[in-house]
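In our numbering, the protein residues as written are 957 to 1296.
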């Protein structure tokens, strides 16, 4: 199947600082704004002082880095200062922003003299504990600065901040944290500035982009700007199971052209992780009772069998979006978990 996406506007890592904030949109779209304000995406980035990472810090230094460094945190005017110490070796940084809504994990961005680092230590609310950030090496750090975290720069840093906020400045300072209205509805700022009337040709001559009206391939590409849409990805690496768009496009359901992201996901709400009946109804819209190879009444949970819930870290759980008949040996049995 050929993907017709040439004319699709991409979500840029650098979002203009004049994005339409949710309060302006809520004037005319109160129901959508109220729902979205309760989602994880809306809280994908938060100021350090209001984050779960900072609010749950113990009174003593953290020693969860795995390399012998102790981390001391103290509140300052615009955030939190952090000092890494091991013997005579030490380094300092400032935390102004924390990534993650707090449902699975929160990771600070540490600004140091040599740039911005992804903190080596994250907070995992489900475990109520701090630990090494997923994806970072738990071995010895070559320096005190390195113990503060993985250095981010260039496009990687732009993408990291850009996918957790809705508008950033040229020096990578978020001005609208979290994924808000204008982050997905491109052209919303122009629309709001015009009093809610359809904008002129300068804003594509139409109302703001509605991702829900994109074709299935276009939606996957659009959402994949942040949820990952660039292969190749090695399926043998279990951590790649979390990339929903790349897993979804492997599915026969997607190849048929009938399944888009919004087929199952309500745009302004979180996924209904504990509501199998909701997703069963989505499956039944295409699959009648004659298409089932196993009596569905035995489980009452389509996605429980065809989209396994996997544990990639004791605190991180994801739904594998590759829809298929899962065969023995497809995935390690130890990572398949029940949705509780």
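Glycine residues also receive a C-beta, built at the ideal position from the N, C-alpha and C atoms.
Practice prompt. State the Cα-Cα distance for the pair residue 1160 and residue 1109, rounded to the nearest angstrom.
Written response: Because the pLDDT at residue 1160 is just 46, under 50, the model does not fix this residue reliably, and the value given afterwards should be weighed accordingly. Cα to Cα, the separation comes out at about 32 Å.
Item to complete: Quick one: give me the first and last residue of the alpha helix (DSSP H) that residue 1219 is part of.
Response: 1217 to 1220
Fill in: Which of helix, strand or coil DSSP assigns to residue 1038
strand
Worksheet item: Are the beta-carbon atoms belonging to residue 1207 and residue 1278 less than 8 Å from one another?
Response: It is a contact, given that the beta carbons lie within the stated cut-off.
Discussion item. Looking at residue 1078: is its Cβ nearer than 8 Å to the Cβ of residue 1063?
Written reply: yes
Worksheet item: In terms of alpha-carbon separation, which member of 1214, 1092, 1178 lies closest to residue 1202?
Response: 1178
Fill in: Nearest-angstrom Cα separation, counted from residue 1113 out to residue 1098
Going by the C-alpha atoms only, they are around 22 Å apart.
Worksheet entry | Under 8 Å between C-beta atoms of residue 1167 and residue 1140 | yes
Worksheet item: Three-state secondary structure (DSSP) at residue 1059?
Response: coil
Worksheet item: Closest to residue 1296 by CA distance: which of 1284, 1149, 1274 is it?
Response: Out of 1284, 1149, 1274, 1274 has the C-alpha closest to the C-alpha of residue 1296.
Item to complete: Can you grab the Cα-Cα spacing for the pair residue 963 / residue 1165, in whole Å?
Response: Any reading at residue 963 must be qualified, since the residue scores a pLDDT of 33, below 50, and its modelled position is unreliable; the value itself is stated next. When rounded, the distance between both Cα atoms is 13 Å.
Practice prompt. Please report how far the alpha carbon of residue 1022 lies from the alpha carbon of residue 1047, in whole angstroms.
Written response: 16 Å
Discussion item. Nearest by alpha-carbon distance to residue 1240: which of 1002, 1283, 1220 is it?
Written reply: 1220
Discussion item. Taking its Cβ as the centre, do 16 or more other Cβ atoms sit within 10 Å of residue 1281, making it buried, or is it exposed?
Written reply: exposed
Discussion item. Buried or exposed, going by whether 16 or more other CB atoms sit within 10 Å of the CB of residue 1032?
Written reply: exposed
Worksheet entry | Simplified DSSP state of residue 1263, which is helix, strand or coil | coil
Fill in: As assigned by DSSP and simplified to three states, the class of residue 1138
helix
Worksheet item: Is residue 1292 helix, strand or coil by DSSP?
Response: strand
Discussion item. Check for me: the alpha helix (DSSP H) holding residue 1173 runs from which residue to which?
Written reply: 1172 to 1183
Worksheet item: Across which residues does DSSP place residue 1031 in a beta bridge pair?
Response: 1036
Worksheet item: Can you name the start and end residues of the beta strand (DSSP E) that residue 1011 belongs to?
Response: From DSSP, residue 1011 is part of no beta strand (DSSP E) but of the alpha helix (DSSP H) over 1008 to 1011.
Worksheet item: If you count every other CB in all the chains shown that lies within 10 Å of the CB of residue 1105, and 16 or more means buried, which is it?
Response: buried
Fill in: Residue of 1183, 1199, 1228, 1171 minimising C-alpha distance to residue 1212
1171
Worksheet entry | residue 1087 versus residue 1093: straight-line alpha-carbon distance, rounded | Separation of residue 1087 and residue 1093 (C-alpha to C-alpha, rounded to the nearest whole angstrom) is 12 Å.
Worksheet item: Considering only residues of the same chain and omitting the five flanking positions on each side of residue 1217, which have a CB-CB separation below 7 Å?
Response: Answer for residue 1217: 1175, 1176, 1179, listed in chain order.
Worksheet item: Using CA coordinates, which residue listed in 1012, 1075, 1029, 1230 is at the minimum distance from residue 1091?
Response: 1075
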